[in-house]
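The sequence shown begins at 48 in the numbering used here and counts up one residue at a time.
From the three backbone atoms N, C-alpha and C, an ideal C-beta is built for every residue, glycine too.
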Amino acid sequence: MSQAARVYNAENGDYMDVFGEVGVGGYFGNKTQYKQYHSDDSFIDDTFATFGSKGRVSIFDYRIELDYGRENWRGGTGDMVLQIDKAWLGYRYSPYHYVEFGLTDTAFDDYDAYGDLTFDTGAETGEAGDQAKTIKYEGNYQKFAVGVSYSYKGESSSGQAQGNITNGYVGYFGDEFSMVLGAERRNGSSGESKYGLYKLYGLGLRYAATEKLLLGLNGFIEYEEIGECTTTSDDWVDPAIQVCNRYQEFKNQGGLASFQYSLNERWDVVGSVNYEAYKDWDRGSQQWGHDVELWEAMGRSRSFQTIGVRYKPSRASVIEVEGNIGEAYQDVYAKAKVFF
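What follows is the structure, given as structure tokens:
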């Protein structure tokens with residue numbers, strides 16, 4: 048819904064737009080037994096703002112984007128943090144082929160939740176997201192599209208090493224039915240962090256049953272190696288060195304079925320049924336994380352349902368409210384956003 052403003056338009060095709068977003072809201076009724084957020088407060092703030100510029104200079108497209116948001120996830124600081132989210136150059140060498148370099152979305156990041164029509168709280172595919180030192184190719188021909196990216200020495204959202212990352216997708220985008228298949232591989236940190244070899248496979252489907260009813264399916268399976276890390280306590284070693292080894296593979300999976308029904312151009316109703324299973328939740332598994340409280344609250348898997356309403360007062364604003372039933376991490380998600 049971004050409403051980019053054109054700053055200038057040159058005769059040779061060069062141009063510059065500015066754009067942004069402000070969102071205020073968050074998660075109500077935080078269920079602390081699931082330990083999903085940085086705090087045990089009943090309300091978790093999810094205020095967010097972004098500001099950026101995009102355009103073209105000579106043969107290059109470009110985008111620079113600043114994000115200001117709260118680190119509200121488990122292990123986060125809870126502070127509002129300003130960071131550069133995008134900084135890339137792109138080159139389109141034909142109408143069907145495009146390459147991008149810099150800090151940008153990895154290829155599968157654009158479609159990892161393709162079949163998830165919820166607002167925020169559906170079962171999530173854990174792909175690599177934005178990465179620096181990335182080269183990405185995307186191509187399309189008629190109703191088919193393909194993308195692949197390579198990120199050198201990728202990092203997690205907390206800055207921990209994940210190794211080189213390769214991911215991609217192939218998709219069919221028809222008038223009524225669309226499907227995207229994606230995959231990702233992380234080579235692992237080679238003992239630098241707890242993250243070892245990682246493999247992910249994902250699927251997203253959309254089907255326009257009628258002009259007003261859109262159906263979606265989304266699912267993933269991931270194989271993630273997690274290691275144990277120790278830090279040297281030798282007085283002769285400065286600075287202290289972290290060593291990670293004894294990696295174990297965890298198989299995790301999840302999926303959802305969702306729908307969106309458009310009442311009119313301003314009102315939508317959305318809903319979903321979700322399922323997730325993670326090995327470190329399972330007390331009967333060798334990879335159990337020994338979190339008794341989480342085991343008692345959820346067991347080896349969780350399932351939950353969502354129902355929500357979207358209201359669009361204008362083309363540049365939206366209000367979303369989504370309720371959760373079952374083993375969800377919160378009772379309600381609500382947010383108001385404006386775009387410019």
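Taking the C-beta atoms as reference points, A154 is found nearer than 7 Å to G194. Secondary structure of W335 (DSSP, three-state): coil.
Per DSSP, reduced to three states, the secondary structure at Y161 is coil, with no helix or strand assignment. Of the candidates A175, F267, R253 and Y143, A175 places its Cα closest to the Cα of G235. Using a C-beta cut-off of 8 Å, the region 61-75 makes no contact with the region 120-137, since fewer than three inter-stretch Cβ pairs fall below that distance. The residue from D152, N299 and A381 with its alpha-carbon nearest to that of K180 is D152. For Y81, the secondary structure class from DSSP, reduced to helix, strand or coil, is helix.
In the three-state reduction of the DSSP assignment, D92 falls in the strand class, which pools E and B.
Under the DSSP assignment, N265 falls in the beta strand (DSSP E) whose first and last residues are L260 to T278. Taking the Cβ atoms as the reference, D327 lies roughly 6 Å from F297, within the contact range of under 8 Å. Looking from the CA of A375, the closest CA among G201, D163 and N321 belongs to N321.
In this structure, Q178 is the residue among T353, Q178, A255 and V365 with its C-alpha nearest to the C-alpha of K200. Put simply, the backbone Cα of A344 is about 10 Å away from that of D338. Distance from the CA of A324 to the CA of Y84, rounded to the nearest whole angstrom, comes to 19 Å. Taking C-beta separations shorter than 7 Å and ignoring five residues to either side along the sequence, the partners of L129 in its chain run L113 and Y115, following chain order.
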